[in-house]
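Report on one structure; see the data block that follows.
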Amino acid sequence: MTLPRLLPAAPGGRPILVWARALPPGAEKQLRHLAAQPYVVEHVAAMPDLHVASGIAVGTVFATEHHVVPGALGGDLGCGVSAWRFPLTTGLPGRDVLERVLSRLAERIPVGDAVHRGRGLPLPDALASPPLSTGKLSHAWERLAPRHLGTLGGGNHFLELDRDAEGALWLLLHTGSRGVGAAIADHHVRVARALGEGSLPGLSTRTPEGAACVADTRWACRFALANREAIAARALDVLEEALGVAADAASRVDVHHNHVAQEEHGGRLLWVHRKGAVGLEAGQRGLIPGSMGTASYVVEGRGEPRAFRSCSHGAGRVLSRSEARARIRPAALEHLLRRVVYARERAATLVEEAPAAYRDITEVLEDEADLVRPLTRLTPLAVLKG
DNA sequence: ATGTAC
Numbered sequence: 240m241t242l243p244r245l246l247p248a249a250p251g252g253r254p255i256l257v258w259a260r261a262l263p264p265g266a267e268k269q270l271r272h273l274a275a276q277p278y279v280v281e282h283v284a285a286m287p288d289l290h291v292a293s294g295i296a297v298g299t300v301f302a303t304e305h306h307v308v309p310g311a312l313g314g315d316l317g318c319g320v321s322a323w324r325f326p327l328t329t330g331l332p333g334r335d336v337l338e339r340v341l342s343r344l345a346e347r348i349p350v351g352d353a354v355h356r357g358r359g360l361p362l363p364d365a366l367a368s369p370p371l372s373t374g375k376l377s378h379a380w381e382r383l384a385p386r387h388l389g390t391l392g393g394g395n396h397f398l399e400l401d402r403d404a405e406g407a408l409w410l411l412l413h414t415g416s417r418g419v420g421a422a423i424a425d426h427h428v429r430v431a432r433a434l435g436e437g438s439l440p441g442l443s444t445r446t447p448e449g450a451a452c453v454a455d456t457r458w459a460c461r462f463a464l465a466n467r468e469a470i471a472a473r474a475l476d477v478l479e480e481a482l483g484v485a486a487d488a489a490s491r492v493d494v495h496h497n498h499v500a501q502e503e504h505g506g507r508l509l510w511v512h513r514k515g516a517v518g519l520e521a522g523q524r525g526l527i528p529g530s531m532g533t534a535s536y537v538v539e540g541r542g543e544p545r546a547f548r549s550c551s552h553g554a555g556r557v558l559s560r561s562e563a564r565a566r567i568r569p570a571a572l573e574h575l576l577r578r579v580v581y582a583r584e585r586a587a588t589l590v591e592e593a594p595a596a597y598r599d600i601t602e603v604l605e606d607e608a609d610l611v612r613p614l615t616r617l618t619p620l621a622v623l624k625g
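In the working numbering, the protein residues as written are 240 to 625.
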């Protein structure tokens, strides 16, 4: 099959380009719904990890001329993935070292529901009191940000140690803007519902409400990046102590996959919305993590204009969490992860994140061969899940 | 994914 697949425009709507061999019927319906919204320009682009989510599908990219659609960004604003590579030295750590390192990481980095106790940590000056648009959001920030900065969170968030084909060790981590980002997303979805029209309401960026949504969303993305940096700082400390060598600072890659950004496309300045999708300029490095226990990839963007210079954010779910719990046996997951260090006693709940619940990452990369070029394949050695 | 409202 040649990709992208074209779904022609419905009357009054925009066409849809799909870089996915499998188009789940529910996700197709969500794409068509979005493509019929009056603020959508050019076309809607669907990435190969497309799957149904609340409102619009994960893996959807679209652009507007002067609208922001808070419901089209995902709840975890600025959520993304970071990676660091360690220099090739005396070889990879063995299982005993990995186990020690993983338990040290779990001690130093709050994971899942855990946050910093009491008032939390002092925030860096740049994040101390951003000019958010309402008193309620500022209050949420002051209360939550110090307790959440440097915490991993739950769901599909993870911290992982990987190796590449040359035998170099990598740190890979996936997390977002935690409570503050959720509060910001929630607020602007409500504002859009109250002021906007239709079932996927957008706010004009030329109104105070639209401008506030854009500005607050930027702060959520800044917090998410700072969160990844804070977690990485602690993790790199632990790793340096265990390995006797520091990560290569120039090797860092960081991408976020729930955001809106003003970018130039086809000579026009557009607001590009990405929900579970990554924007990469041609030649820019990005990360596409597979599911737990499977490979992840460092990639390079190819700048495909028809995809608004975007790619997938991961492998993409094929089973919902409840379907995965019903269908995947913990023993099957334990077998697949037999060479990976992780919390085996949690296998019964970790089936929600099992490879069988996700698309095969190699197929995802084949589907987006004209969007990204794979540079480095990473295979997991140890995983800390939220 | 998330805190909070239900």
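Heads up, the beta-carbon is just placed ideally off N, CA and C, and yes, glycines get one too.
Environment of residue i [buried if 16+ CB atoms lie within 10 Å]
i    : result
P277 : exposed
Q269 : buried
S438 : exposed
E605 : exposed
M240 : exposed
K624 : buried
L289 : buried
L410 : buried
G265 : exposed
A249 : exposed
S559 : exposed
S549 : buried
E591 : buried
R650 : In this structure the chain extends from 240 to 625, so residue 650 is not present and cannot be described.
R583 : exposed
L245 : exposed
R577 : exposed
P447 : exposed
S440 : Sequence check: residue 440 is Pro here, not Ser. Buried: at least 16 other Cβ atoms inside 10 Å.
When the options are compared against residue i, the one with the closest alpha-carbon
i    : options                : result
N395 : L245, G515, A546, R545 : G515
R545 : L519, A593, F462, H498 : L519
A474 : A563, H413, R417, V590 : H413
I255 : A284, A565, R324       : A284
G540 : A521, L558, A554       : A521
R505 : E543, L442, I423       : In the sequence as displayed, the identity of residue 505 is Gly instead of Arg. Cα-wise, what sits closest to G505 is E543.
G418 : A481, L434, T390       : T390
Q523 : D493, G529, A459, I423 : D493
G415 : G406, C452, R467, P440 : R467
I423 : F397, S443, T446, P370 : P370
G357 : E338, L341, R382, A488 : R382
C639 : A481, R513, H306       : This structure does not reach residue 639, given that the chain is present from 240 up to 625, and the question cannot be answered.
P349 : A379, G392, L362       : G392
Inter-residue Cα distance where the pair is residue i and residue j
i    : j    : result
A322 : R568 : 31 angstroms
G420 : M531 : 25 angstroms
V579 : R612 : 27 angstroms
A586 : A563 : 12 angstroms
I470 : E399 : 12 angstroms
R507 : H427 : 26 angstroms
W458 : A570 : 42 angstroms
L344 : L316 : 25 angstroms
S206 : V499 : Any answer about residue 206 is impossible in this case: the structure gives the chain only from 240 up to 625.
L614 : L242 : 21 angstroms
R432 : P528 : 33 angstroms
H272 : E281 : 15 angstroms
A488 : N497 : 25 angstroms
H224 : L388 : Residue 224 falls outside the range modelled here, since the chain spans only 240 to 625, and no answer is possible.
R253 : A554 : 27 angstroms
G251 : V279 : 11 angstroms
A454 : Q501 : 12 angstroms
G298 : A275 : 18 angstroms
L620 : A365 : 35 angstroms
V291 : R347 : 35 angstroms
G313 : L610 : 22 angstroms
G351 : L331 : 28 angstroms
L575 : G406 : 21 angstroms
A486 : V477 : 11 angstroms
Spatial neighbours of residue i in its chain, beta-carbon cut-off 6 angstroms, leaving aside the 5 residues before and after
i    : result
S561 : none
G359 : P385, R386
P223 : What the structure shows of the chain is the stretch from 240 to 625, and residue 223 is not part of that stretch, so it cannot be assessed.
A595 : I567
R491 : W323
P309 : H427, V428, A431, C452
V557 : R598
Cut-off 8 angstroms between Cβ atoms - residues of its own chain near residue i, not counting five sequence neighbours on either side
i    : result
V484 : F325, P326, T328
L617 : A322, D401, R402, D403, W409, L411, A534, S535, Y536, V537
R339 : A481
R445 : H305
G294 : Q269, G310, A311, L439
beta-carbon residue i near the ligand ADP non-hydrogen atom, thresh 7 angstroms
i    : result
H504 : What this structure holds is no ligand at all, so the ligand ADP is not there to describe.
Neighbourhood of residue i by C-beta, 7 angstroms cutoff - its chain only, sequence neighbours within 5 removed
i    : result
W380 : P369, L371, V419
Review point. Which runs of the alpha helix (DSSP H) fall wholly inside the region 311–386 and span at least 4 residues, in chain order?
Key: Listed in chain order, they are 334–347, 364–367.
Check your understanding: What beta strand (DSSP E) runs, 3 residues minimum, are completely inside the region 534–560?
Key -> Listed in chain order, they are 535–540, 549–551.
Check your understanding: Which residue spans inside the region 486–512 form an unbroken alpha helix (DSSP H) run of at least 4?
Key -> Inside the region 486–512, DSSP marks no whole alpha helix (DSSP H) run of 4 or more residues.
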